[in-house]
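In my numbering, the protein residues as written are 522 to 921.
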């Protein structure tokens, strides 16, 4: 749980960024993400150093060479602001952009990292704030990052990447993830659904971190996320790292495209491999037919992203897999052939279990559209019997 003191400290850094000319909220979070990554590299290297001393042998897979010692967080954090600024701008950022993927799981997300903190004094404030945080405490560092992401609520277009956390938690509890599940979000944004699922699993199944087989699955093969925005991929990967998932499968890929099936990321878009999908995919988007994966167009001939994502979810699920997905009300009431065919597919070919209608203000201030949650299981043989309809009058919070 974050203290009021820590929140106010973050707020001051945020305000200082704005005053220093970094007005874009996503840029603020991205710069902090880079610094957290740099701090993490030093922590990993320090652990390997201690291990080498304990066993009296050479460091295995050192991240920093002897002549790169000044690039380590524990070294430059105590420098005067001008020297620190020069080191980070001219040495540290080029270093993280050229890391090999085997140095750390997250190296591949840093290839186009750009340093955008405008002044040495502002950089020192941010470094001091992050340095005061006990990064060994998963709950604290996860809460810190969630608090940072909550600031996206004020970020105009960027806010579309953020689903309210109480809505995510409700959906996670409805589908009840288990330690054996393989969980995916094909439009993951900041990875809220994946993070909330991991928290639910740790609370409900504490043995997941003590049993070697379950722990390995949890850290390496349970969570998959896709997004086409490089900034979102970096943020979601860091969000998962700070919430204790060591090796999440987060990939930059346009999950609806035909090219995604032919790319090096093919593993993540394999059809029929997930047992649970949670998503709040983009609404109101429109794509060209020639860019959309052909197997999705066979399910529903449409350019609308909300319908194509439902088709994608059905394709990605294995038989018996289940999903909770947020859709605009148009999916429920639209009269076009595409809308009707999607509803017919869910009811006649799969098992539709619940439709939860949410009030229109849930996604304010950046969207007033009315939405619903669809809960269904993939059967490929029907099975829809009684569908639970629920009209949510309020979400327990003010609708703004």
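Note that CB positions come from ideal geometry on N, CA and C, so glycine has one too.
These numbers were taken from a predicted model, which means no experiment stands behind them.
Shown here, residue 872 sits in a strand according to DSSP, grouped into three states. The beta carbon of residue 552 lies closer than 8 Å to those of 538, 543, 636, 637, 638, 647 in the same chain, with the five residues before and after it left out. Minimum Cα-Cα distance from residue 899 among the listed residues 630, 720, 872, 634 corresponds to 872.
DSSP, read as helix, strand or coil, puts residue 770 in strand.
Going by DSSP, residue 839 is part of the beta strand (DSSP E) stretching over 838 to 849. Nearest Cα to residue 910 within the set 685, 891, 879: 879. Take the alpha-carbon of residue 763 and the one of residue 906: they are about 42 Å apart. In the structure shown, residue 882 adopts helical secondary structure according to DSSP, grouped into three states.
By the Cβ neighbour-count rule, residue 769 is buried, with 16 or more other Cβ atoms within 10 Å of its own. Burial state of residue 712 is buried, judged by a 10 Å Cβ sphere holding 16 or more other Cβ atoms.
Only exposed fits residue 731, as fewer than 16 other CB atoms lie within 10 angstroms of its CB. By the 16-neighbour rule on beta-carbons within 10 angstroms, residue 775 is buried. Distance from the CA atom of residue 757 to the CA atom of residue 796, rounded to whole angstroms, is 21 Å. Using a Cβ distance threshold of 9 Å, residue 814 and residue 779 count as a contacting pair. 798 is the residue among 820, 549, 721, 798 whose C-alpha sits nearest the C-alpha of residue 896. For residue 796, the enclosing beta strand (DSSP E) has its first and last residue at 795 to 800. Taking all protein chains in view, the Cβ of residue 801 is crowded by 16 or more other Cβ atoms within 10 Å, so the residue is classified as buried. C-alpha of residue 863 to C-alpha of residue 805: approximately 16 Å in a straight line. In the three-state scheme derived from DSSP, where H, G and I count as helix and E and B as strand, residue 646 is classed as helix. For residue 545, the closest of 759, 852, 668, 752 by C-alpha to C-alpha distance is 752. Sequence-distant partners of residue 839 (beyond 5 residues in either direction) whose C-beta falls short of 8 Å from its own C-beta, in its chain, are 793, 794, 795, 796, 899.
DSSP places residue 663 in the helix class (H, G or I) of the three-state scheme. Residue 611 counts as exposed, since fewer than 16 other C-beta atoms from the protein chains shown sit within 10 angstroms of its C-beta. Residue burial is scored here from C-beta neighbours: residue 760 has at least 16 other C-beta atoms within 10 angstroms and is therefore classed as buried. In the displayed model, residue 726 falls within coil according to three-state DSSP, outside both helix and strand.
The bridge partners DSSP lists for residue 898 are 843, 872. The C-beta distance from residue 702 to residue 746 rounds to 14 Å, too long to fall under 8 Å, and the pair is not in contact. In the DSSP assignment, residue 747 falls within the unbroken beta strand (DSSP E) covering 744 to 748.
Relative to the Cα of residue 881, the nearest Cα in the group 859, 901, 915, 855 belongs to 915. Per DSSP, reduced to three states, the secondary structure at residue 821 is coil, with no helix or strand assignment.
Bounds of any alpha helix (DSSP H) do not take in residue 585, whose DSSP letter is neither H nor E.
By the beta-carbon neighbour count (other beta carbons within 10 angstroms, threshold 16), residue 574 is exposed. Non-local C-beta neighbours of residue 608 in its own chain, meaning closer than 8 Å and more than five positions away in sequence, comprise 591, 592, 597, 600, ordered along the chain. For residue 581, the number of other beta carbons within 10 angstroms of its own is below 16, and it is reported as exposed.
Taking the CA atoms as reference points, residue 826 sits about 20 Å from residue 843.
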